[in-house]
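In the numbering used here, each residue's number is its place in the sequence shown (first place is 1) plus 6. Glycine is no exception: its CB is placed at the ideal position from the N, C-alpha and C atoms.
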Amino acid sequence: MMSLRKAIQNTVELSLKDKLALKDDEIAIATDIMQSRILHALFSGLSRDLVILKGGLAMKALTGSERSTKDIDMAAEPNVNMSTLNKHMHAAINNALRCGLIEEATVREQDLGNGGISPKWHVNGKLAGSNTAIHIRIEVSKRDLLPEDAISRFEIAASDRDGVGKYTIRTYSPMAMAASKIAALLDQNRNKPRDLYDLNLLMELDVAPPVAMLAALGKDKLQLMLGNLWHKVASFTYQDFKAEVAPSLPQHVATTISEIGWCEMQLKVAEHIERWLQEAIEVADHPIPRSELRTRFDALVARSAATTDKPKP
7 MMSLRKAIQN TVELSLKDKL ALKDDEIAIA TDIMQSRILH ALFSGLSRDL VILKGGLAMK
67 ALTGSERSTK DIDMAAEPNV NMSTLNKHMH AAINNALRCG LIEEATVREQ DLGNGGISPK
127 WHVNGKLAGS NTAIHIRIEV SKRDLLPEDA ISRFEIAASD RDGVGKYTIR TYSPMAMAAS
187 KIAALLDQNR NKPRDLYDLN LLMELDVAPP VAMLAALGKD KLQLMLGNLW HKVASFTYQD
247 FKAEVAPSLP QHVATTISEI GWCEMQLKVA EHIERWLQEA IEVADHPIPR SELRTRFDAL
307 VARSAATTDK PKP
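Listed below in structure tokens is the structure:
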């Protein structure tokens with residue numbers, strides 16, 4: 007029976023940093039490699055236009071986030087052909103399993119039939135050469151039909167250890183990611199401090215305000231979100247961060263976020279969202295046709311380019 011360490015080293019040549027990390031968290035490294043191989047197979051083949059990457063892995067691709075995630079979250083159009091999607095998903099999973107990091111692997115399908123809006127695939131097994139269980143969940147949401155301007159194509163430069171090279175994914179645009187994260191943060195049935203952490207990272211990268219996307223939720227929904235905003239953000243304590251977010255971050259990142267730093271993050275995120283929601287309510291109250299929004303945007307881009315190119319005196 008091949009050990010996990012040997013399986014990884016047979017797959018690619020590890021850097022010194024990876025060899026040290028392997029001693030501490032073999033399951034995290036194996037999960038990362040499997041995720042990368044599954045995504046590479048999905049987005050390099052005929053299935054590349056079937057799904058859109060979202061969630062934690064999309065955050066990692068768009069922002070360089072170091073927050074790890076055990077799941078692969080994606081979106082697809084509501085009318086996606088489930089037979090075709092299932093075929094490509096199994097092919098991608100089987101391709102990833104060939105690297106030998108998971109033994110005694112099984113793949114279980116969930117909610118694929120009867121019009122399920124969130125089909126899932128569960129990969130279970132044991133880390134090579136051990137009795138340590140590993141589980142990777144893949145979920146595809148069919149709830150929303152995303153406009154084309156909410157989707158980006160982004161080149162991934164995978165780690166050498168993943169053994170897949172560069173590939174291009176379809177993912178939420180940064181602005182669409184911000185809108186979806188705001189909706190998740192203020193969902194009354196969801197309490198995930200990682201949503202606040204991710205929004206802060208997007209804001210640090212000066213994501214464009216997702217006002218038009220938020221406005222599509224409607225004035226009543228936006229007013230409810232605005233009314234709950236400060237209470238919801240304040241409910242995520244520093245203890246919540248340490249218990250639920252810090253373990254998914256590299257130690258050198260987690261230890262730099264103090265209680266004061268977390269409070270500053272809460273304040274910054276709440277102030278940004280408050281402003282965006284207020285602007286979205288105004289747009290929802292006086293809707294602007296998409297064509298006019300596009301014209302305004304193009305004019306702003308042209309004006310910005312002209313200012314940038316203007317020679318300094």
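Straight-line gap, residue i to residue j (C-alpha atoms, nearest Å)
{"i": "residue 280", "j": "residue 135", "result": "51 Å"}
{"i": "residue 144", "j": "residue 118", "result": "12 Å"}
{"i": "residue 248", "j": "residue 64", "result": "23 Å"}
{"i": "residue 128", "j": "residue 233", "result": "38 Å"}
{"i": "residue 3", "j": "residue 90", "result": "Residue 3 is absent from the structure shown; the chain starts at 7 and stops at 319."}
{"i": "residue 177", "j": "residue 268", "result": "28 Å"}
{"i": "residue 112", "j": "residue 306", "result": "52 Å"}
{"i": "residue 303", "j": "residue 130", "result": "47 Å"}
{"i": "residue 270", "j": "residue 62", "result": "22 Å"}
{"i": "residue 171", "j": "residue 212", "result": "29 Å"}
{"i": "residue 140", "j": "residue 40", "result": "11 Å"}
{"i": "residue 187", "j": "residue 196", "result": "11 Å"}
{"i": "residue 60", "j": "residue 245", "result": "27 Å"}
{"i": "residue 114", "j": "residue 86", "result": "20 Å"}
{"i": "residue 237", "j": "residue 226", "result": "18 Å"}
{"i": "residue 190", "j": "residue 110", "result": "36 Å"}
{"i": "residue 51", "j": "residue 45", "result": "10 Å"}
{"i": "residue 252", "j": "residue 142", "result": "20 Å"}
{"i": "residue 301", "j": "residue 308", "result": "11 Å"}
{"i": "residue 263", "j": "residue 194", "result": "26 Å"}
{"i": "residue 138", "j": "residue 36", "result": "12 Å"}
{"i": "residue 292", "j": "residue 67", "result": "35 Å"}
Sequence-distant residues of its chain with Cβ nearer than 8 Å to residue i (five each side left out)
{"i": "residue 228", "result": "220, 221, 283, 286, 287, 290"}
{"i": "residue 224", "result": "290"}
{"i": "residue 235", "result": "192, 276, 279, 280, 283"}
{"i": "residue 250", "result": "198, 199, 200"}
{"i": "residue 124", "result": "117, 145, 146, 147, 148, 149"}
{"i": "residue 82", "result": "56, 57, 58, 91, 146, 147, 148"}
{"i": "residue 71", "result": "62, 65, 204, 207"}
{"i": "residue 29", "result": "Here the model assigns residue 29 a pLDDT of 43, short of 50, so the residue's position is not dependable, and the following value carries that caveat. The answer is none, since no qualifying residue turns up."}
Candidates the options: closest to residue i by CA position
{"i": "residue 169", "options": "182, 197, 60, 102", "result": "102"}
{"i": "residue 254", "options": "73, 178, 57", "result": "73"}
{"i": "residue 76", "options": "251, 243, 34", "result": "34"}
{"i": "residue 56", "options": "42, 274, 94, 46", "result": "94"}
{"i": "residue 216", "options": "104, 180, 49", "result": "180"}
{"i": "residue 88", "options": "66, 146, 106", "result": "146"}
{"i": "residue 126", "options": "109, 105, 78, 104", "result": "78"}
{"i": "residue 107", "options": "38, 81, 309, 263", "result": "38"}
{"i": "residue 214", "options": "252, 190, 184", "result": "184"}
{"i": "residue 54", "options": "80, 138, 67", "result": "80"}
{"i": "residue 274", "options": "58, 203, 190", "result": "203"}
{"i": "residue 154", "options": "58, 264, 241", "result": "58"}
Own chain partners of residue i with C-beta closer than 6 Å, once the 5 adjacent residues on each side are dropped
{"i": "residue 182", "result": "156"}
{"i": "residue 272", "result": "239"}
{"i": "residue 47", "result": "98, 101"}
{"i": "residue 7", "result": "Here the model assigns residue 7 a pLDDT of 44, short of 50, so the residue's position is not dependable and the matter cannot be decided."}
{"i": "residue 49", "result": "173, 175"}
{"i": "residue 242", "result": "199, 202"}
Neighbourhood of residue i by C-beta distance below 7 Å, restricted to the same chain and skipping five residues each side
{"i": "residue 231", "result": "192, 283"}
{"i": "residue 69", "result": "207, 208, 211"}
{"i": "residue 43", "result": "101, 102, 105, 168, 170"}
{"i": "residue 265", "result": "244"}
CB contact below 7 Å: residue i versus chain C
{"i": "residue 176", "result": "Judged by its chain identifiers, the structure shown contains no chain C, having just a single protein chain."}
Touch test, the stretch 157-170 against the stretch 85-100, Cβ-Cβ under 8 Å, three pairs minimum: no
Continuous alpha helix (DSSP H) assignments of at least 4 residues falling wholly in the stretch 250-298: 257-260, 265-291
Given 8 Å, three or more beta-carbon pairs between the stretch 208-216 and the stretch 251-264: no
Complete beta strand (DSSP E) runs within the stretch 140-225 (minimum length 3 residues, chain order): 157-163, 172-178
Unbroken stretches of the beta strand (DSSP E), 3 residues or longer, contained in the stretch 98-124: 108-116
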